[in-house]
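Numbers -20 to -1, 1 to 163, taken from mature numbering (1 follows the signal peptide of the UniProt record, and there is no 0), label the letters of the sequence shown in order.
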Amino acid sequence: MKRKKFLATALSALPMIALAKTGVTFSASVKKPFVIRSGEARYGKPMFYKGKHPNNIVISKKDTNGAFSVFAYAGLDKIGPSTHLHLAQDEIFFVTEGTYRFLAGEEIMELKAGDSIFLPRNVPHSWIQLTEKGQLIYAVHPAGTMEEFFIEMSEMKAPPTEAEAKKIHLKHGMKLIGPGLSL
């Protein structure tokens, strides 16, 4: 348990380290530290990926003046997103529990707890959870409208049609490329 807590704490600093290495600087809009407890969401608004899987904002673009957003995802099934790319954002994923298969461009790789992957903008990517349970912490830089994208998708009453999904993705700076990975 101590190792898990250490990893979670250490991984939470990685977006800042990654941003520092790119030369990006920002001024936080919040002036006091804050804590987001496990399973909770920033500003108390929980979100669910595909209606079931917690996918919460833990650091909002409101906290970083739009520099980045950080999300905590808890996977309860062996699923993942369609293959897509971000037109103006980089992503950093940190696996905190379970095993995942990632597609990045034409490469496929497996990541387990403690591993991370950097996905540059305009590189098609996807992932699929290989274990019964899994957890990811991921950051998008700059934040763009990813928070609004996940809020919009989380509030849908039914899965979007393919045309609706393409339109929503494009509205938020992403392009759907094709189906996601399968087992």
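Cβ coordinates follow ideal geometry from the N, Cα and C atoms, glycine included.
DSSP three-state assignment for residue i, whether helix, strand or coil
i	result
SER49	strand
ARG81	strand
GLY24	helix
residue 206	Because residue 206 is not part of the residues shown, which for the chain are -20 to 163, the question remains open.
PHE14	coil
GLN69	coil
ALA8	coil
LEU116	strand
THR76	strand
GLY19	coil
GLY158	strand
Where the beta strand (DSSP E) containing residue i begins and where it ends
i	result
SER96	96 to 99
ILE59	Counting along the chain, ILE59 falls outside any beta strand (DSSP E), and DSSP gives it neither H nor E.
LEU91	87 to 92
LEU65	63 to 66
PRO34	33 to 39
Residue nearest to residue i in terms of C-alpha spacing, selected from the options
i	options	result
GLY158	PRO122, PRO104, PRO140 and VAL120	PRO104
HIS68	LYS151, LEU161 and SER162	Note on identity: in this sequence residue 68 is Ala, with His being the wrong assignment. For ALA68, the nearest C-alpha among the options comes from LYS151.
ASN102	GLY60, GLU135, VAL38 and HIS121	HIS121
SER9	ILE39, TRP107, HIS33 and LEU156	ILE39
THR125	TYR23, HIS66, LYS25 and ILE88	HIS66
ILE37	ALA93, SER96, GLU128 and HIS64	GLU128
LEU99	THR44, LEU83, GLU112 and LYS147	LEU83
SER96	THR79, GLU86 and GLU112	THR79
MET89	ILE59, PHE14, LEU161 and PRO13	LEU161
LEU163	GLY94, GLU112, LYS41 and LYS12	GLU112
THR63	PRO139, THR141 and SER106	SER106
Decide yes or no for the touch test of the stretch 46 to 58 against the stretch 17 to 36: beta carbon pairs closer than 8 angstroms, at least 3 of them. Yes: the two stretches touch, three or more of their Cβ pairs being nearer than 8 angstroms.
Please give me, in chain order, every unbroken run of the alpha helix (DSSP H) with length at least 4 that falls completely inside the stretch 121 to 155. Every unbroken stretch of the alpha helix (DSSP H) spanning 4 or more residues and falling wholly within the stretch 121 to 155 is given here in chain order: 126 to 134 and 142 to 151.
Between the stretch 113 to 120 and the stretch 70 to 79, do at least 3 Cβ pairs fall closer than 8 angstroms? With a cut-off of 8 angstroms, the stretch 70 to 79 and the stretch 113 to 120 count as touching, because enough Cβ pairs lie within range.
Stretch pair the stretch 21 to 30 + the stretch 127 to 136: three plus CB contacts closer than 8 angstroms: Judged by Cβ distances under 8 angstroms, the stretch 21 to 30 makes contact with the stretch 127 to 136, as three or more pairs qualify.
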